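Just so you know, the protein sequences line up as chains A and B, in that order.
Just so you know, we're using full-length UniProt numbering here: the first sequence kicks off at 1 and counts up by one.
Just so you know, we're using full-length UniProt numbering here: the second sequence kicks off at 1 and counts up by one.
Cβ atoms here follow ideal geometry from the backbone N, Cα and C, with glycine treated the same way.
All figures in this text were calculated on a predicted structure; none of them were measured in a lab.
Number of protein chains: 2
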Amino acid sequence: MRTPAPAAPPSPRSVVARNKLMRTAERLYAEKGFANVSVRQISEAAGQRNNSAVQYHFNGRDELIKAILSSYTDVIEERRIAMVEALLGTERAVTREEHFACLILPGVEYHIEAAAPTWGARFFAQAIVEPALREYVIQEQLNTPSLRILNTHGAVRRKDFAPGLFQRYSAMVRQLSVHAFAELEYDLANGRIEQREAEARWRLLGQDLITSLCGLSSALLGEAGR
Amino acid sequence: MRTPAPAAPPSPRSVVARNKLMRTAERLYAEKGFANVSVRQISEAAGQRNNSAVQYHFNGRDELIKAILSSYTDVIEERRIAMVEALLGTERAVTREEHFACLILPGVEYHIEAAAPTWGARFFAQAIVEPALREYVIQEQLNTPSLRILNTHGAVRRKDFAPGLFQRYSAMVRQLSVHAFAELEYDLANGRIEQREAEARWRLLGQDLITSLCGLSSALLGEAGR
Numbered sequence: 001m002r003t004p005a006p007a008a009p010p011s012p013r014s015v016v017a018r019n020k021l022m023r024t025a026e027r028l029y030a031e032k033g034f035a036n037v038s039v040r041q042i043s044e045a046a047g048q049r050n051n052s053a054v055q056y057h058f059n060g061r062d063e064l065i066k067a068i069l070s071s072y073t074d075v076i077e078e079r080r081i082a083m084v085e086a087l088l089g090t091e092r093a094v095t096r097e098e099h100f101a102c103l104i105l106p107g108v109e110y111h112i113e114a115a116a117p118t119w120g121a122r123f124f125a126q127a128i129v130e131p132a133l134r135e136y137v138i139q140e141q142l143n144t145p146s147l148r149i150l151n152t153h154g155a156v157r158r159k160d161f162a163p164g165l166f167q168r169y170s171a172m173v174r175q176l177s178v179h180a181f182a183e184l185e186y187d188l189a190n191g192r193i194e195q196r197e198a199e200a201r202w203r204l205l206g207q208d209l210i211t212s213l214c215g216l217s218s219a220l221l222g223e224a225g226r
Numbered sequence: 001m002r003t004p005a006p007a008a009p010p011s012p013r014s015v016v017a018r019n020k021l022m023r024t025a026e027r028l029y030a031e032k033g034f035a036n037v038s039v040r041q042i043s044e045a046a047g048q049r050n051n052s053a054v055q056y057h058f059n060g061r062d063e064l065i066k067a068i069l070s071s072y073t074d075v076i077e078e079r080r081i082a083m084v085e086a087l088l089g090t091e092r093a094v095t096r097e098e099h100f101a102c103l104i105l106p107g108v109e110y111h112i113e114a115a116a117p118t119w120g121a122r123f124f125a126q127a128i129v130e131p132a133l134r135e136y137v138i139q140e141q142l143n144t145p146s147l148r149i150l151n152t153h154g155a156v157r158r159k160d161f162a163p164g165l166f167q168r169y170s171a172m173v174r175q176l177s178v179h180a181f182a183e184l185e186y187d188l189a190n191g192r193i194e195q196r197e198a199e200a201r202w203r204l205l206g207q208d209l210i211t212s213l214c215g216l217s218s219a220l221l222g223e224a225g226r
């Protein structure tokens, strides 16, 4: 049974509590996995006296997860849309490197500026393989204005592909970027990669992904001399 | 606290029970996600009268998951090693298409022959993003003989890459193949793609992945005219 969300604008205290719950849940889920964290543990770790705080503020686990996803998507989208607009506002033709840089670098810059540790990428990777959330996550990401603009006016366009192929290409781009970001975040969190190397490794990941996506798209479009 | 596994060879009845628990868990986890299935539910759905059957037969959830993973890896490995040996036993040079075909096609054939529905790919994708299992899954896959042989004697070799790059390349190959397989399995299970198209879609996925990995590897090796 769902408690309806409070209809009145949330009080400042409620905003603070929601935010604390979201940050705590993001961290716990990233570190322990969705299967190993209860909503009660999240409430407790967020210092909420009421054990049903997640229920009260979010109407349950799935809505809490969706709220965290949106906040992550929003932060990336803000950077990406600025980059896309700056790029497409120029007169000259856009290169594929620039196209994929718009996809990849906003995430790279977010992780570098956030300073260690971050949890968003691991959280996102888990949400996108969770059966009940997967469809939602994919749709929410596809519907961002920056992606819609890039796919229409960028250097790799929907219309360049044979029927059906764009969707399959687009899924591969998503799979690669989501999980590559998550794996670097895991390696930094677990000390497999040292924290002082973090910035260099995020930049390297960005460059690897841009290079790989140029090669991948070119091959799928039948261009590359293989 | 862990109960030690029975030291005597398992009875036929125990083998049957273990197998039933594994198949049931694989299906439930694939359909509902690790977070939404308890070991008690698995025991019940597998028709075990004892609610601690998972504990008794596997010493808990993580060992159950590892057993399922191994059975999936073994099935794929059996096909892949035969393909690798047949390919490398020829005199002529191996092409990159053939190299990546060895990586990808055993999974494609498995899904086609198993006949719908399958659960292994979704199960695998969830295990590889679960913080407590991730490292184990990655190591187990890297250690298969077929991959070690391909990376040493195939058409894209460890030694072709600049220091550090092979590992990053190899992670991308894994991310793309694991999650692309899982997504097609989801789409078939959810009816987004119709069952009568299954075989054609698995073959298309295989070809897309081989093409993409040729382009990706070539770009990372600095060869492609981008």
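Within-8 Å CB hit, residue i to chain A
i, result
"B:C102", "no"
"B:S218", "yes"
"B:L176", "yes"
"B:H153", "no"
"B:K32", "yes"
"B:H179", "yes"
"B:R136", "The residue asked about is misnamed: residue 136 of chain B is Tyr in this sequence, not Arg. Taking Cβ atoms only, chain A never reaches closer than 8 Å to B:Y136, which makes this a no."
"B:E199", "no"
"B:M1", "Legend: pLDDT at B:M1 = 46, less than 50; position of this residue unreliable, value from coordinates given subsequently. For B:M1, the answer is no, since every Cβ of chain A falls outside 8 Å of its Cβ."
"B:L150", "no"
"B:E85", "no"
"B:A132", "yes"
"B:V129", "yes"
"B:Y72", "no"
"B:E183", "yes"
"B:R168", "yes"
"B:T118", "no"
"B:A35", "yes"
"B:T144", "no"
Inter-residue CB distance, residue i and residue j (contact presumed, cutoff 8 Å)
i, j, result
"A:S71", "A:M22", "7 Å"
"A:S210", "A:F100", "The sequence as given places Ile at residue 210 of chain A; Ser does not occur at that position. Between A:F100 and A:I210 the Cβ distance is about 5 Å, and since that is below 8 Å, they are a contact."
"B:G47", "B:K20", "7 Å"
"B:L150", "B:V84", "6 Å"
"A:H153", "B:H179", "So it is not a contact: roughly 28 Å between Cβ atoms."
"B:Y29", "B:Q126", "6 Å"
"A:P106", "A:I65", "Contact flag wrong, Cβ pair sits at about 22 Å."
"B:S177", "B:I104", "6 Å"
"B:F166", "B:R158", "5 Å"
"A:V54", "A:V39", "4 Å"
"A:E130", "B:G33", "5 Å"
"A:D74", "A:A132", "22 Å between Cβ atoms; not a contact."
"A:S212", "B:L220", "6 Å"
"B:T95", "B:A155", "6 Å"
"B:L216", "A:G206", "About 15 Å; that fails the 8 Å criterion."
Residue-level contact to chain B via CB, residue i, 8 Å cutoff
i, result
"A:Q55", "no"
"A:H99", "no"
"A:D208", "yes"
"A:Q126", "yes"
"A:A171", "yes"
"A:A121", "no"
"A:A114", "no"
"A:R40", "no"
"residue 227 of chain A", "Outside the shown range of chain A (1 to 226) lies residue 227 of chain A, about which nothing can therefore be said."
"A:P163", "no"
"A:A25", "no"
"A:G215", "yes"
"A:Y186", "yes"
"A:S212", "yes"
Alpha helix (DSSP H) segment containing residue i, residue limits
i, result
"A:E194", "Unbroken run through A:E194: none, as it is neither H nor E."
"B:A155", "Segment: none, B:A155 is in no alpha helix (DSSP H) and carries neither H nor E."
"A:F124", "120-129"
"B:S38", "Per DSSP, B:S38 belongs to no alpha helix (DSSP H) and is neither H nor E."
"A:T144", "Segment: none, A:T144 is in no alpha helix (DSSP H) and carries neither H nor E."
"B:A25", "12-32"
The ligand NAD heavy atom lying under 7 Å from the CB of residue i
i, result
"B:V37", "Among the components of this structure there are no ligands whatsoever, and the ligand NAD is therefore not found."
Restricting to runs no shorter than 3 residues, where is the beta strand (DSSP E) found entirely within the segment 48-102 of chain B?
none
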